[in-house]
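In my numbering, the protein residues as written are 1 to 83.
Dropping the structure here:
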């Protein structure tokens, strides 16, 4: 969340491509410690990615796509209302 906020403060939420990159980085930063924790909990000989990443990729990509499609347009609308 901190990384996504940092990107938003720098205007990454106004551009489709920058927003996609920012949200992707945010997701990676969330998954990395979770997968490390899961691996240490269940053991590295188990399929950690199959348990902790693969089931969630499609849903996360759909959420990212929805945010990328809606957020820049919402900012344009808000800016029009301010004028």
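C-beta atoms are modelled at their ideal positions from N, C-alpha and C, and glycine is treated no differently.
A distance of 7 Å or more separates the beta carbons of residue 59 and residue 48. For residue 49, the enclosing alpha helix (DSSP H) covers residues 48 to 52. The C-alpha of residue 53 is placed about 9 Å away from the C-alpha of residue 34.
Within the same chain, and ignoring the five residues on either side of residue 20 in sequence, the residues whose Cβ sits closer than 8 Å to its Cβ are 64 and 68. In the DSSP annotation of this structure, the continuous segment of the alpha helix (DSSP H) that includes residue 20 starts and ends at 16 to 42.
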